[in-house]
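The structure under discussion appears below in the form of structure tokens.
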Ligand SMILES: Cc1ncc(C[n+]2csc(CCOP(=O)(O)OP(=O)(O)O)c2C)c(N)n1
Ligand SMILES: [Mg+2]
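Chains as they are written, first to last, in the numbering used here: chain H, 6 to 172; chain R, 25 to 582.
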């Protein structure tokens, strides 16, 4: 089962290696990973998606807490949460089919953010399902390149990882 | 007044009460050593950085104080790695300082550059690369705090040359504040009450004690608790000195080479009280069988240990000593007579035994029993890794906490001899014996030079069986005696010792064993005793890999 963890860490060099290394040593494949600073600039937030059962995940969370630079860990899969991912897709396109592509994108509230004679770049934000759907629709035109940010997530309501439940 | 980073290290070490450093110099720690010149801190120059790390580890295990190490960049730092991993696996407090190339050169494959923080992430409790000298006082304070609190462990501080040279104000912090590090000491009261209730109803309880009891100083509470409740105690290798080996409630060591009765007790128990131990696979055997029909209470300072290897009914996160203190308040005498007499039956059915013919070759177990007899069980013992280590655990009855240093978790050959030097320096008035194998001893025998240079009077008893014995035993049982790469030819150990300037004794007859041990004890200096023992003895009992712990192979003389 895919699970999403939010990990608050000291914003210091090497912290990502420690966290990622821990997942690697326990044999977890990281499905996606996103890192950025928080309101407090000395703290970074790592959102990591892994494939694990509950028992394994509990172990990983305890191991994460053993890292001195880890401040807080939340298993967001246990709370109602919103998840988003940003994806940029470069598609083969020309004057003839550009409009068609535009139409597909707009029905998903996605945009074209760059146009050339042979290609367009689409920007899609949303859930994984939505992104997968668009990718499969664009496949027929010929996808040249894809880049995804990895999932980022927040708990619904006023609860936050800082003051809220830990995993 | 501003002082250099190198000077800060020395000043901080003074504040931490460090009086001895184990190390080896080089270009990247020139200024560190230059500052040491002016200080009263004693420096022990080992002959290999691995020796320095193990010596500091041995020092820490027997004194309870953190071991401190200096080494240069690159090869100096990488030579420490086995020592660091050994300490990490057995939760030994250490602080290691390594030199590093100048910050401007980091990442360029500069001369003697190694990414030692990267290399040691998985084997340190924490580590630091300090690029800004103003951070150094805080970092050193944190390093000592982290190494010596919670579950102990090694912490490494990597110091680029320019950090050592740069100057800043030195104010050593009184306190640390780390949001991400707050070990739990006091156990949860509700859990402790539940545990006490479960214990009160137990019919066949066993206490399973590990290194946590020794490290926390919980041995006295453990003794009181066991005596008050009449619950027998088995220990891990790390926990051997946490409970007196001669006590009526002592079951000795459990696990792969544990006693028959300890393993039978564990496997028939209805309640297991695990204290500062981690249910290693060498202890549990096949896990599903191990947990069947049992309730398990697990007390550990490290929350990540609880539920890691085994399902637990009552987890208690906390310091072994403090939780034992609380349990003691609630302890009631139990009627365990029937259970204890069952255990006595097992003891009679499967005692530890070996044969010593008066005119035959020396039995290795006999040597260890004699070391126990001649020292009255009062020596500090270090071991190498192999059969001799297991026989030591079986035949030497430890009576005092912190009187054994042995590599349990990593099982590092080459640990025992340098560790004995550190142990002797930490406890100068004690008699220190290193029980070694002929294979293991050669892994760090260069430290004989250190022993002689500082006249560190350790006694090294080499149980010389001409084999990498423990591996030979495995090949005997599991590879149909197709012996490969285990038959070892050793140097003349007496001459080797003498070449270094130490004493060497050769013992070939059973009758000479005890006199040689006494003789060594009378010599005020390092001694190597080469005990030529039977070459084909096996360690029994033996739980075959991934079998149930009650399925022991018990050897020839049952
Ligand atoms: C550094 C290292 N390499 C290899 C091993 C694997 N190993 C475990 S015990 C052993 C044999 C040890 O031989 P010796 O020191 O002579 O002890 P004996 O078993 O004969 O008493 C070996 C090779 C190890 N534990 N450590
Ligand atoms: Mg041997």
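Ideal Cβ positions, reconstructed from N, Cα and C, are used throughout, including at glycine.
Near residue i, which residues of its chain fall below 7 Å by C-beta distance, leaving aside the five closest residues on each side in sequence?
i                      : result
residue 351 of chain R : 216, 219, 220, 249
residue 159 of chain H : 86, 87
residue 303 of chain R : 333, 334
residue 74 of chain H  : 14, 15, 17, 20, 23
residue 507 of chain R : 496, 499
residue 43 of chain R  : 65, 66
residue 606 of chain R : What the structure shows of chain R is the stretch from 25 to 582, and residue 606 of chain R is not part of that stretch, so it cannot be assessed.
residue 193 of chain R : 26
residue 144 of chain R : 105, 108, 151, 180
residue 82 of chain H  : 8, 9
residue 475 of chain R : 445, 482, 526, 550
residue 62 of chain H  : 8, 80
residue 186 of chain R : 126, 127
residue 161 of chain R : 32, 36, 194, 195, 196, 197
Determine the burial state of residue i: buried for a count of at least 16 other Cβ atoms within 10 Å of its Cβ, exposed for fewer.
i                      : result
residue 411 of chain R : buried
residue 425 of chain R : buried
residue 243 of chain R : buried
residue 172 of chain H : Any reading at residue 172 of chain H needs caution, since the residue's pLDDT is 43, under 50, leaving its predicted position unreliable; the model's value is listed next. So residue 172 of chain H ends up on the buried side.
residue 566 of chain R : buried
residue 168 of chain H : exposed
residue 519 of chain R : exposed
residue 210 of chain R : exposed
residue 195 of chain R : exposed
residue 471 of chain R : buried
residue 279 of chain R : buried
residue 389 of chain R : buried
residue 140 of chain R : buried
residue 28 of chain H  : buried
residue 99 of chain R  : exposed
residue 321 of chain R : buried
residue 122 of chain H : exposed
residue 101 of chain H : exposed
residue 242 of chain H : In the structure displayed, chain H extends from 6 to 172; residue 242 of chain H sits before or after that span and is not available.
residue 502 of chain R : exposed
residue 92 of chain H  : buried
What are the partner residues of residue i, as DSSP defines its beta bridges?
i                      : result
residue 566 of chain R : R:577
residue 77 of chain H  : H:13
residue 529 of chain R : R:553
residue 319 of chain R : R:295
residue 124 of chain R : R:184
residue 28 of chain R  : R:191
residue 124 of chain H : H:97
residue 93 of chain R  : R:46, R:120
residue 61 of chain H  : Partner(s): none; residue 61 of chain H has no beta bridge.
residue 131 of chain H : H:90
residue 406 of chain R : R:429, R:458
Write down the C-beta distance between residue i and residue j rounded to the nearest angstrom, noting that I regard them as a contact closer than 8 Å.
i                      : j                      : result
residue 181 of chain R : residue 267 of chain R : Not confirmed; about 36 Å, so no contact.
residue 409 of chain R : residue 435 of chain R : 5 Å
residue 265 of chain R : residue 422 of chain R : 4 Å
residue 85 of chain R  : residue 429 of chain R : 4 Å
residue 246 of chain R : residue 237 of chain R : 5 Å
residue 40 of chain H  : residue 51 of chain H  : 5 Å
residue 492 of chain R : residue 463 of chain R : 5 Å
residue 490 of chain R : residue 467 of chain R : The pair is not a contact, with the Cβ atoms about 16 Å apart (cut-off 8 Å).
Going by beta carbon distance, what residues of the same chain come within less than 6 Å of residue i, once the five residues before and after it are set aside?
i                      : result
residue 134 of chain R : 125
residue 582 of chain R : Caution is warranted here: a pLDDT of 38 is assigned to residue 582 of chain R, below 50, making its placement in the model unreliable, and no coordinate value can be reported.
residue 414 of chain R : 281, 563
residue 314 of chain R : 308
residue 165 of chain R : 197, 200
residue 276 of chain R : 283, 286
residue 72 of chain H  : 23
Skipping 5 residues on each side, what residues in its chain have a beta carbon closer than 8 Å to that of residue i?
i                      : result
residue 556 of chain R : 385, 386, 488, 530, 531, 532
residue 401 of chain R : 269, 270, 420, 421, 422, 423
residue 58 of chain H  : 6
residue 432 of chain R : 113, 114, 235, 260, 261, 262
- Enumerate, from N- to C-terminal direction, the unbroken beta strand (DSSP E) stretches of 3 or more residues contained entirely within the segment 111-181 of chain R. Runs found: 118-124, 150-153.
- Tell me the start and end of each unbroken alpha helix (DSSP H) in the segment 231-292 of chain R that is at least 4 residues and wholly inside, in chain order. Listed in chain order, they are 235-239, 243-253, 284-292.
- Item | Runs of beta strand (DSSP E) lying entirely within the segment 452-497 of chain R, each at least 3 residues, in chain order | Listed in chain order, they are 456-461, 483-488.
- Message: Going residue by residue through the segment 301-354 of chain R, where are the continuous beta strand (DSSP E) segments of at least 3 residues, counting only ones entirely within it?
- Response: Runs of the beta strand (DSSP E) inside the segment 301-354 of chain R: 319-324, 338-341.
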